[in-house]
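In our numbering, the protein residues as written are 2 to 129. All residues carry an ideal CB built from backbone N, CA and C; glycine is no exception.
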């Protein structure tokens, strides 16, 4: 979806809920403006050129949005309420959205310590 820059989303709202999918209640996790690439030299090619292998593709152009979410939710909702140029656009285009979970350093350290403890416990049992 790279054919009409006017149709790019200009903002986002990410919501989470532990209620029902239809009724919520929905909590705002993150929101803000987007600054997606402009101009033909800064946008991804259409067609098979944008397929991302499982290892990722650093050459693809887009925008990374980082935010902190300390609560796990059963349901997530991502809304793009505005366009780059709503007066000129008759619809919205979205090529790809990827939501990744990145543990904060303290959580990752604690998880690493837990794994080390489990490995040490298994080794002790095997040697006994």
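{"Asked": "At a cut of 8 Å, does the region 14 to 27 reach the region 86 to 93 through at least three beta carbon pairs?", "Found": "no"}
{"Asked": "Where does residue 24 land, buried or exposed, given buried means 16+ other C-beta within 10 angstroms?", "Found": "exposed"}
{"Asked": "So within the region 52 to 102, which uninterrupted beta strand (DSSP E) runs reach at least 3 residues, ignoring any that extend past its ends?", "Found": "76 to 80"}
{"Asked": "Which same chain residues end up closer than 8 Å to residue 5 when comparing Cβ atoms and leaving out the 5 residues on each side of it in sequence?", "Found": "90, 94"}
{"Asked": "Look up residue 28 in the DSSP assignment and say whether it is helix, strand or coil.", "Found": "strand"}
{"Asked": "Tell me whether residue 82 is buried or exposed, calling it buried when 16 or more other Cβ atoms sit within 10 Å of its Cβ.", "Found": "exposed"}
{"Asked": "Can you tell me whether residue 26 is buried or exposed, with buried defined as 16 or more other CB within 10 angstroms of its CB?", "Found": "exposed"}
{"Asked": "Helix or strand or just coil, what does DSSP make of residue 18?", "Found": "strand"}
{"Asked": "Can you check whether the CB of residue 20 is closer than 9 Å to the CB of residue 76?", "Found": "yes"}
{"Asked": "Could you compute how far the alpha carbon of residue 8 sits from the alpha carbon of residue 80?", "Found": "15 Å"}
{"Asked": "In this structure, how does DSSP classify residue 39 when only helix, strand and coil are distinguished?", "Found": "coil"}
{"Asked": "Quick one: Cα of residue 67 to Cα of residue 37, how far?", "Found": "15 Å"}
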